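Colleague: Next up is a structure, given as structure tokens.
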Amino acid sequence: MSADTVRLSVTNVTAGYGKLQVVNGISLSVGRGEALALLGPNGHGKTTLLRAITGLGPLTGGTVELDGERIDRLGTPAIVERGLMHVPQGCTLFPRLTVGESLNLAGRLKRARRVRSANLELVLGLFPKLVERRGQPVGAMSGGERQMLAIAMGIMANPSVLILDEPTLGLAPKVRHEILRTLLDIRATGLSLLVADGDVDFLFGLADTWCVVELGRTVGRGTTEEKPTQEQMMAMFVGGAHAPTALAAGPDEEDGHA
Amino acid sequence: MLDGLVPVLVSTLLLGSMYSLLTAGMSLIWSTLQVFNYAHGAMLIIGGYLIWTLSSTAGLPLPLAVLLATVAMAGLGALVELVVVRPLASRPDGTLMVMVATLALAGLAEGAVQLIWGPENKQVQPVTTATFDIAGVAVRWTTVLAFLLAVGLVGGLMLVVNRTEWGASIRAVAQNRDMAMLLGIKPGRVYLSVFAASAALATVGALVFATTTTLTPAKGSGPLLIAFVVLVFGGTASLMGTLVGAYAIGFIEASTSYWIGLQWSPVAVFVLLVVVMLVRPEGLVRRGS
Numbered sequence: 005m006s007a008d009t010v011r012l013s014v015t016n017v018t019a020g021y022g023k024l025q026v027v028n029g030i031s032l033s034v035g036r037g038e039a040l041a042l043l044g045p046n047g048h049g050k051t052t053l054l055r056a057i058t059g060l061g062p063l064t065g066g067t068v069e070l071d072g073e074r075i076d077r078l079g080t081p082a083i084v085e086r087g088l089m090h091v092p093q094g095c096t097l098f099p100r101l102t103v104g105e106s107l108n109l110a111g112r113l114k115r116a117r118r119v120r121s122a123n124l125e126l127v128l129g130l131f132p133k134l135v136e137r138r139g140q141p142v143g144a145m146s147g148g149e150r151q152m153l154a155i156a157m158g159i160m161a162n163p164s165v166l167i168l169d170e171p172t173l174g175l176a177p178k179v180r181h182e183i184l185r186t187l188l189d190i191r192a193t194g195l196s197l198l199v200a201d202g203d204v205d206f207l208f209g210l211a212d213t214w215c216v217v218e219l220g221r222t223v224g225r226g227t228t229e230e231k232p233t234q235e236q237m238m239a240m241f242v243g244g245a246h247a248p249t250a251l252a253a254g255p256d257e258e259d260g261h262a
Numbered sequence: 003m004l005d006g007l008v009p010v011l012v013s014t015l016l017l018g019s020m021y022s023l024l025t026a027g028m029s030l031i032w033s034t035l036q037v038f039n040y041a042h043g044a045m046l047i048i049g050g051y052l053i054w055t056l057s058s059t060a061g062l063p064l065p066l067a068v069l070l071a072t073v074a075m076a077g078l079g080a081l082v083e084l085v086v087v088r089p090l091a092s093r094p095d096g097t098l099m100v101m102v103a104t105l106a107l108a109g110l111a112e113g114a115v116q117l118i119w120g121p122e123n124k125q126v127q128p129v130t131t132a133t134f135d136i137a138g139v140a141v142r143w144t145t146v147l148a149f150l151l152a153v154g155l156v157g158g159l160m161l162v163v164n165r166t167e168w169g170a171s172i173r174a175v176a177q178n179r180d181m182a183m184l185l186g187i188k189p190g191r192v193y194l195s196v197f198a199a200s201a202a203l204a205t206v207g208a209l210v211f212a213t214t215t216t217l218t219p220a221k222g223s224g225p226l227l228i229a230f231v232v233l234v235f236g237g238t239a240s241l242m243g244t245l246v247g248a249y250a251i252g253f254i255e256a257s258t259s260y261w262i263g264l265q266w267s268p269v270a271v272f273v274l275l276v277v278v279m280l281v282r283p284e285g286l287v288r289r290g291s
């Protein structure tokens, strides 16, 4: 990927909680209009990495650049204002705000104000259910509807890169399919995506490239045209002893960015 | 029994107005930070002394004195957030640390007020002493003014919180701080504005308080306790609950004092408080949006 097409660049990032280091030097990059899938066993640092990238969690080392500008020393509101939006895992959003209020709030960023009406039209077209739910409190919505709203709010923020952490967690297959279809539509508009999820079919249907995180390191990368083997799949979701040598031997130092 | 209804209702109007002005700011802070601000009573007392100084000593007209004191107290409220609350709120156990810090601040403020204004009683002269008659009972125009101020300001605050972008930011930070930051909202700014608004409201409450009773440096703890009762009684984190709770407590105090005896008033209030907490722990008014 050439430097001028890179939107988000994460280099040798370390992050953790107090003395516990969870992310041990991860590098990755996402190009314009590209979707990168983040895979790996639970509890191995994917969420910590994503939170550190957007300033929600402490980043102890490394750099994060968005469109060539370093953003790792900025606070979350400033990072979002520059165009990097994050829909966190299991996000309850604002249970006592209505759907309409939540969408309006998401469009209040300076970068989003001028296109607020167009984006609102776009998200209501992508998620027609939100139209009928507009006056209802978010807390009264189902998990699937809430996830749709979370993605819609992400789009309302008018980002250049959208991070989604477990967007299909706990959702029925039909709803997952609906969200996949919508995310593909969004990708077609040129938005870059960085997505962590436990559903491989969903991720491979959405992304161009993938990257496996295990014990806070990247242990494998590839394009979604090369489907991983059964053994590699075991490494992605179980990790440890199941990790094949080829994957375990492919850390960031060797191949740099995805 | 109906003989005393008019004076009881008039007292309810005055007490409820005072209590709602005292509690609205505290309710706002509670709903945003989930912190009980022990310095709120001290803010009321400082606001009252400022009004007294500006009106009685500096000779300014009372409305101007109240306006200047309110602006000054909003600044002091913002300073408290910057210096005391902000450094502690983001730490582990920050909520507890903020509450202890505000308790310390209340003690500090009481001492400072004693040093600046002395221990003597002070009373702010009301804007008018005129009365009008309802069923043979003389009602002060200041009681009506207190009611209009309370309903106008607390109602206005409700409108702002529920209908404006600033209000939506407050509710967003209160419900999901991380997600609010992801929408570009700066929680620090929200907390700052909430502390400023809370101190300003307490100052208007101080006007009603200081024209009804006398000011002394240690008098902040009484209104603080009442505000706590109103907060629980009406429903925490609900401004409508604050209004309903304030007038309900005012009615209980006024009716018990009139029909049973003054000494039974706190007993009735606290017995009812325990009953409400047992039967309806969410308070009289459920939390709205």
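If you're matching them up, the sequences are chains P and E in order. Using my numbering, you'd call the opening residue of the first sequence number 5 and step up by one each time. Using my numbering, you'd call the opening residue of the second sequence number 3 and step up by one each time. Glycine included, every Cβ here is placed at the ideal spot set by N, Cα and C. Remember, it's a predicted structure, so these values are computed and weren't measured experimentally.
(1) Give me the residue from E:D95, E:I48 and E:S13 with the minimum Cα distance to W119 (chain E).
(2) Can you name, in chain order, every residue of its own chain whose Cβ lies under 6 Å from the Cβ of T15 (chain P), other than the five neighbours on each side?
(3) Relative to the alpha-carbon of G158 (chain P), which residue among P:V26, P:L195 and P:L70 has its alpha-carbon at the smallest distance?
(4) Chain P beta carbons: is any one of them nearer than 8 Å to that of D180 (chain E)?
(5) Considering only C-alpha positions, which residue in the set P:V27, P:T213, P:T51 and P:Q25 is nearest to I167 (chain P)?
(6) Could you say which of E:F272, E:V278 and E:A201 lies nearest to Y40 (chain E) if we only look at CA atoms?
(7) With respect to the beta strand (DSSP E) encompassing W261 (chain E), which residues constitute its N-terminal and C-terminal limits?
(8) Given a limit of 7 Å on CB to CB distance, which residues of the stretch 171-202 of chain E reach chain P?
(9) Rounded to whole angstroms, what's the CA-CA distance from R100 (chain P) to A182 (chain E)? Just pull it up for me.
(10) Span of the alpha helix (DSSP H) holding E149 (chain P)?
(11) Applying the 10 Å Cβ sphere with the 16-neighbour rule, what's the burial state of G109 (chain E)?
(12) According to DSSP, simplified to helix, strand and coil, what is I187 (chain E)?
(13) Which residues mark the beginning and the end of the alpha helix (DSSP H) in which A137 (chain E) is found?
(14) Along chain P, which residues have their Cβ under 7 Å away from the Cβ of E167 (chain E)?
(15) Indicate the three-state DSSP secondary structure (helix, strand or coil) for A19 (chain P) in the structure shown.
(16) Buried or exposed, going by whether 16 or more other CB atoms sit within 10 Å of the CB of F272 (chain E)?
(17) With DSSP as the reference, please indicate the residues paired to S33 (chain P) in a beta bridge.
(18) What does the Cβ neighbour count give for A250 (chain E), buried or exposed, with the cut at 16 atoms within 10 Å?
(19) Buried or exposed, going by whether 16 or more other CB atoms sit within 10 Å of the CB of E136 (chain P)?
(20) Could you check if R118 (chain P) is buried or exposed, using at least 16 other CB atoms within 10 Å of its CB as the buried criterion?
(21) Is L63 (chain P) closer than 8 Å to G87 (chain P) when the C-beta atoms are compared?
(22) Say yes only if the C-beta of L197 (chain P) is nearer than 7 Å to one or more non-hydrogen atoms of the ligand PLP, and no if none qualify.
(23) Could you list which residues in chain E have their beta carbon closer than 7 Å to that of A161 (chain P), in chain order?
(24) Excluding the 5 residues preceding and the 5 following A148 (chain E) in the sequence, name in chain order all residues of the same chain whose CB lies nearer than 7 Å to its CB.
(25) Which residue wins for smallest C-alpha separation from K133 (chain P), given the options P:G111, P:G104 and P:A82?
(26) For E85 (chain P), return the contacting residues in chain E, with the cut-off set at a CB-CB distance below 8 Å.
(27) Going by DSSP in three states, D71 (chain P) sits in which element: helix, strand or coil?
(28) On the DSSP bridge list, what partners appear for P225 (chain E)?
(29) So W214 (chain P) is in the beta strand (DSSP E); what residue range does that whole segment cover?
(30) Mind listing which residues of the stretch 89-106 of chain P have their C-beta closer than 9 Å to chain E's C-betas, in chain order?
(31) Determine whether the beta carbon atoms of E38 (chain P) and D189 (chain P) lie at a separation below 8 Å.
(32) For a test of the three-state rule: what should DSSP assign to T58 (chain P), helix, strand or coil?
(33) Kindly list, in the order they appear in chain E, the residues whose Cβ is closer than 7 Å to that of L109 (chain P).
(34) Are the stretch 76-87 of chain E and the stretch 226-238 of chain E in contact at 8 Å, needing three or more beta carbon pairs?
(35) So is S146 (chain P) buried or exposed if we call it buried at 16+ other beta carbons inside 10 Å?
(36) Kindly confirm or deny that the stretch 198-218 of chain P and the stretch 40-50 of chain P touch, where touching means at least three C-beta pairs closer than 8 Å.
Modeller: This is what the structure holds:
(1) Taking the second sequence and counting its residues from 1, the one referred to as residue 119 (chain E) is at position 117. Sorting E:D95, E:I48 and E:S13 by C-alpha distance to the C-alpha of W119 (chain E) places E:I48 at the top.
(2) By one-based count along the first sequence, residue 15 (chain P) stands at place 11. Exclusion of the five residues before and after T15 (chain P) leaves S31, G66 and T67 as the residues of its chain whose Cβ lies within less than 6 Å of its Cβ.
(3) For the purposes of this step, residue 158 (chain P) is taken as the residue at position 154 of the first sequence. Residue P:L195 is the option with its Cα nearest to G158 (chain P).
(4) The sequence position of residue 180 (chain E) within the second sequence is 178, counting from 1. For D180 (chain E), the answer is yes, since a Cβ of chain P falls inside 8 Å of its Cβ.
(5) The residue you call residue 167 (chain P) lines up with position 163 of the first sequence. Here the closest residue by C-alpha is P:T51.
(6) For this step, residue 40 (chain E) is matched to residue 38 along the second sequence. It is E:A201 whose Cα lies nearest to the Cα of Y40 (chain E).
(7) Your numbering for residue 261 (chain E) matches position 259 in the second sequence. Unbroken run through W261 (chain E): none, as it is neither H nor E.
(8) Cβ proximity to chain P below 7 Å picks out R173, A174, Q177, N178, D180, M181, M183, L184, L185, G186, I187 and K188 from the stretch 171-202 of chain E.
(9) Counting from 1 along the first sequence, the entry for residue 100 (chain P) is found at position 96. Counting from 1 along the second sequence, the entry for residue 182 (chain E) is found at position 180. Straight through space, the alpha carbons of A182 (chain E) and R100 (chain P) are spaced by roughly 13 Å.
(10) As a first step, residue 149 (chain P) is located in the first sequence; it is residue number 145 there, counting from the start. Counting along the chain, the alpha helix (DSSP H) containing E149 (chain P) begins and ends at G147 to M160.
(11) Translated into the one-based positions of the second sequence, residue 109 (chain E) becomes position 107. By the neighbour-count rule (16 or more Cβ atoms within 10 Å), G109 (chain E) is not buried but exposed.
(12) One-based indexing of the second sequence puts residue 187 (chain E) at position 185. DSSP, reduced to helix, strand and coil, places I187 (chain E) outside both helices and strands of the structure shown, so it counts as coil.
(13) Position 135 of the second sequence, counted from the start, is the residue given in the question as residue 137 (chain E). First-last for A137 (chain E): undefined, no H or E at that position.
(14) On the second sequence, position 165 is the one that residue 167 (chain E) refers to. Neighbours of E167 (chain E) on chain P, chain order: R112.
(15) Locating residue 19 (chain P) in the first sequence gives position 15, where the first residue counts as 1. A19 (chain P) carries a strand assignment under DSSP once its states are collapsed to helix, strand and coil.
(16) Looking up residue 272 (chain E) in the second sequence gives position 270. The residue in question, F272 (chain E), is exposed, as its Cβ has fewer than 16 Cβ neighbours within 10 Å.
(17) Your numbering for residue 33 (chain P) matches position 29 in the first sequence. Paired residues: P:S13.
(18) Numbered from its first residue, the second sequence carries residue 250 (chain E) at position 248. Counting Cβ neighbours within 10 Å, A250 (chain E) comes out buried, since at least 16 surround it.
(19) Reading the first sequence from its first residue, position 132 is the one you call residue 136 (chain P). Under this definition E136 (chain P) is an exposed residue.
(20) Reading the first sequence from its first residue, position 114 is the one you call residue 118 (chain P). R118 (chain P) comes out exposed.
(21) Counted from its first residue, the first sequence places residue 87 (chain P) at position 83. Counted from its first residue, the first sequence places residue 63 (chain P) at position 59. Not a contact, by the Cβ cut-off of 8 Å.
(22) Only the bare structure without any ligand can be found here, which leaves the ligand PLP out of the picture.
(23) Stepping through the first sequence from its first residue, residue 161 (chain P) is reached at position 157. Chain E residues near A161 (chain P): L185.
(24) If you number the second sequence from 1, residue 148 (chain E) lands on position 146. Taken in chain order, the residues that qualify are L16, S19, M20 and V210.
(25) Taking the first residue of the first sequence as position 1, residue 133 (chain P) is located at position 129. Comparing Cα positions, the closest option is P:G104.
(26) Taking the first sequence and counting its residues from 1, one reaches residue 85 (chain P) at position 81. Under the 8 Å cutoff, chain E gives G186.
(27) Taking the first sequence and counting its residues from 1, the one referred to as residue 71 (chain P) is at position 67. It is coil, neither helix nor strand.
(28) The count along the second sequence starts at 1 and reaches residue 225 (chain E) at position 223. In DSSP, P225 (chain E) forms no bridge with anything.
(29) Against the first sequence, residue 214 (chain P) aligns to sequence position 210. W214 (chain P): member of the beta strand (DSSP E) spanning T213 to E218, first to last residue.
(30) Only M89, H90, V91, P92, C95, T96, L97, F98, P99, R100, L101, T102, E105 and S106 from the stretch 89-106 of chain P bring a Cβ to less than 9 Å from some Cβ of chain E.
(31) By 1-based counting over the first sequence, the position of residue 38 (chain P) is 34. By 1-based counting over the first sequence, the position of residue 189 (chain P) is 185. Contact: no.
(32) Position 54 of the first sequence, counting from 1, holds the residue named residue 58 (chain P). In the structure shown, the three-state DSSP call for T58 (chain P) is coil.
(33) If you number the first sequence from 1, residue 109 (chain P) lands on position 105. Going along chain E in sequence order, the residues near L109 (chain P) (Cβ under 7 Å) are A170, A174 and L185.
(34) No contact exists between the stretch 76-87 of chain E and the stretch 226-238 of chain E.
(35) For the purposes of this step, residue 146 (chain P) is identified with residue 142 of the first sequence, where counting begins at 1. By the 10 Å Cβ count, S146 (chain P) comes out exposed.
(36) With the rule of 3 Cβ pairs closer than 8 Å, the stretch 198-218 of chain P counts as touching the stretch 40-50 of chain P.
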